[in-house]
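Written out below as structure tokens is the structure these notes cover.
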């Protein structure tokens, strides 16, 4: 694993009295999901502003790709392009009078020619699912939409690292989950993600690495299980335990559960409970299947055709493209976030489910389910639905479809 | 939702017609109103502009008429004063108050009528622009007309933050009212002063955050070319030309006509 961002004995003080950061040395690996957690005033935002050179450390240094960050304007431009930051308050970030102008701001200032600016801005808006919003003014957008535009504005500069300060604050639960799902999708595309949050449940299930901060220093860092396993430390940092961990500890304390470390999410928790009870219930449940449909290839009618053939009790969509597609095809969605886990849970109860997704997320899902199967010993059948080579389609349609090469009708993955 | 003119500008039925054409129509009509010698052309413009705004742009008539009450009340007040102050011509009407004779003469009455007509025609044209053309597109026309880029960009930023501050002002006001900050004149004045000072400080802070936000995205002195606005359709151009010519013709032909 290569280290993408690193800080060495970083210190910073606002004014001359209060030290906001004290001797922070951390290294972040490329392609990881990192969560900075800590109470108000712990220095999370300050640290984030150091990563792309908005604040200059009083002492110590920041390294990006192993090179010390310099503060001349050329170096700053370079690092700010590669390390994009989304502010907590969208109104701070969206300063242009229209959505398009705001998203195009970065590319324009990077000196891209006009058609390239258009292409990048268009691509970024499409990615966040807001194509067609170009001429809207920001004050006509909802909170979730504003956040999406903010993210699009950063994506248009093609960053390697995305930093989001409290990405889910002030958003309703559904919007938050959609934003987090989008961050997963971006991470799946290889981008390193850093978020700061007070939401311990979110940090616990989402992050690969949790950095616990308190009073300008790093208290602890590691996986969610390591950091949140230490109740004393969490209390000291004025946080609380994630519900899953809390419940696990209570149950273990009563001897109802035994496990070496707390489960990460509802799926793992369920497994832990079920495996504990397996001795008493001997009969095996017939496992359900999970269908994965790639929405990139076929058009709307094609998708409908494929889905009619599948008998799934539950349908979920992952990623913006798939969600837009589902909405257009009027497919009711049962799951819009945490889709893979929810489908595995349904499969374990014997129900079939369908995941609509696109691009690299298809293989990601297959891999995720296989890893789960290997770990748990359950044998869930994964069926990749590709594009059907139907004879009933007219020739025009076939011409369009044949551009995307895909010949297999159904590829059985398990 | 719809409580600002700007909201209508973004959602009216003429939203997608060429902003240059809409500006040409509106500004042309205003110029005609103020240069017309008699009230007939301005009244014609007021009537037709209202029709265009309500019928073509589909602005709710109720909202539009309450909007028109503002200039109407102003112009009525000043027209009354003008009518009494200007002499000349035959006495039309007079009365005695505490031994002072107040009267309206022909010239004064005509001038007052002209004043009302001009204000009305002009305001109807201005409302037409305000209700059908979003500010952003007016900016793009200004840029096209050769206004210095930095002025246009500065106005765009100001425009964007008007809405942020309107929200903040409303929130501060609510917070004050909740704790009876509007009880009595003295309290109201005090609250208002506080609101102003807090808003000033907040805008200052917002300015600093704006610089950070722009720097974080590699600000290099460029705020973007505008998206290309809709081109005008030949039929629309023709219609505007015919309208302006007709209005000019009315203004010229009726220049000698007096209503009273």
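Protein chains in written order, with our numbering: chain F, 66 to 479; chain S, 31 to 290.
Backbone N, C-alpha and C define an ideal beta-carbon position, used for all residues, glycine too.
| query | result |
| --- | --- |
| Kindly confirm or deny that the stretch 306–317 of chain F and the stretch 250–258 of chain F touch, where touching means at least three C-beta pairs closer than 8 Å. | no |
| Between the C-alpha atoms of residue 156 of chain S and residue 214 of chain F, what's the straight-line distance to the nearest angstrom? | 33 Å |
| Check this for me: beta carbons of residue 233 of chain F and residue 257 of chain F, under 8 Å apart or not? | no |
| Are the stretch 117–125 of chain F and the stretch 212–220 of chain S touching by the rule of at least three beta carbon pairs closer than 8 Å? | no |
| Expressed to the nearest angstrom, what Euclidean distance is found between the alpha-carbon atoms of residue 63 of chain S and residue 82 of chain S? | 17 Å |
| Out of F:87, F:428, F:210, F:422, which has the shortest C-alpha to C-alpha gap to residue 383 of chain F? | F:422 |
| Between residue 68 of chain S and residue 284 of chain S, is the Cβ-Cβ spacing less than 8 Å? | yes |
| Per DSSP, what kind of secondary structure is residue 249 of chain F in: helix, strand or coil? | helix |
| Can you name the residues of chain S whose CB is closer than 8 Å to the CB of residue 191 of chain F? | By Cβ distance, chain S contributes nothing, its closest Cβ being about 16 Å from residue 191 of chain F, past 8 Å. |
| Examine chain S for any beta-carbon lying closer than 8 Å to the beta-carbon of residue 145 of chain F, and answer yes or no. | yes |
| Taking Cβ-Cβ distances below 9 Å as the criterion, which residues of the stretch 233–251 of chain S are in contact with chain F? | 236, 239, 240, 242, 243, 244, 245, 246, 247, 248, 249, 250, 251 |
| Could you check where the alpha helix (DSSP H) with residue 408 of chain F kicks off and where it finishes? | 404–413 |
| So, under 8 Å CB-CB, residue 273 of chain F and residue 164 of chain F are touching, yes? Tell me the CB distance rounded to an integer number of Å. | At roughly 32 Å, the Cβ-Cβ gap does not stay under 8 Å, so residue 273 of chain F and residue 164 of chain F are not in contact. |
| Determine the chain S residues that contact residue 303 of chain F at a beta-carbon separation under 9 Å, and present them in chain order. | Those do not exist, as residue 303 of chain F stays about 26 Å from chain S at its closest Cβ, beyond 9 Å. |
| Tell me the start and end of each unbroken beta strand (DSSP E) in the stretch 327–389 of chain F that is at least 3 residues and wholly inside, in chain order. | 354–359, 379–382 |
| I'd like to check one pair, residue 105 of chain S with residue 145 of chain S: are the Cβ atoms closer than 8 Å? | yes |
| For a contact meaning CB atoms closer than 7 Å, what does residue 142 of chain F contact in chain S? | 248 |
| Taking the alpha carbon of residue 188 of chain F as the point to measure from, which residue in F:386, F:418, F:442 has its own alpha carbon closest? | F:386 |
| Can you pull the chain F residues whose beta carbon is under 7 Å from the beta carbon of residue 189 of chain S, in chain order? | 162 |
| Going along the stretch 150–179 of chain S in order, which residues come within less than 8 Å of chain F, judged by CB to CB distance? | 164, 165, 166, 169 |
| Residues in the same chain with beta-carbon distance under 7 Å from residue 85 of chain F, minus the five sequence neighbours each way, listed in chain order, please. | 77, 78, 79, 108, 111, 281 |
| Looking only at its chain, what residues have a beta carbon closer than 6 Å to the beta carbon of residue 457 of chain F, apart from the 5 residues adjacent to it on each side? | Confidence at residue 457 of chain F is low in this model, with a pLDDT of 39, below 50, so the placement of that residue should be treated as unreliable; the coordinate-derived value is given next. Same-chain partners within the cutoff: there are none. |
| So, does the CB of residue 327 of chain F fall closer than 8 Å to a CB anywhere in chain S? | no |
| At least one CB of chain F closer than 8 Å to the CB of residue 182 of chain S: is that the case? | no |
| Starting from the C-beta of residue 434 of chain F, find all residues in its chain whose C-beta is less than 7 Å away, skip the five residues before and the five after it, and write them out in chain order. | 355, 405, 409, 445, 447 |
| List, in chain order, every chain F residue whose beta-carbon is nearer than 9 Å to that of residue 12 of chain S. | Absent from the structure is residue 12 of chain S, since the part of chain S shown begins at 31 and ends at 290. |
| Between which two residues does the beta strand (DSSP E) holding residue 92 of chain F run? | 84–94 |
| If you draw a straight line from the C-alpha of residue 94 of chain F to the C-alpha of residue 56 of chain S, how long is it? | 59 Å |
| Shorter than 8 Å from the beta carbon of residue 79 of chain S to some beta carbon of chain F? | no |
| Closer than 9 Å, Cβ to any Cβ of chain S: which residues of the stretch 76–108 of chain F, in chain order? | none |
| Tell me whether residue 304 of chain F is buried or exposed, calling it buried when 16 or more other Cβ atoms sit within 10 Å of its Cβ. | buried |
| Kindly indicate if chain S contains any beta-carbon less than 8 Å away from that of residue 119 of chain F. | yes |
| Just to confirm my understanding: we take residue 314 of chain F, look at its own chain, exclude 5 residues before and 5 after, and list those with CB closer than 8 Å. What are they? | 296, 306, 327 |
| In chain S, which residues lie with their C-beta within 8 Å of the C-beta of residue 487 of chain F? | Lying outside 66 to 479, the shown extent of chain F, residue 487 of chain F is not represented and no answer is given. |
| Mind checking whether residue 183 of chain S and residue 253 of chain S have CB atoms under 8 Å apart? | yes |
| Could one say the Cβ of residue 158 of chain F lies closer than 8 Å to chain S's Cβ atoms, at least one of them? | yes |
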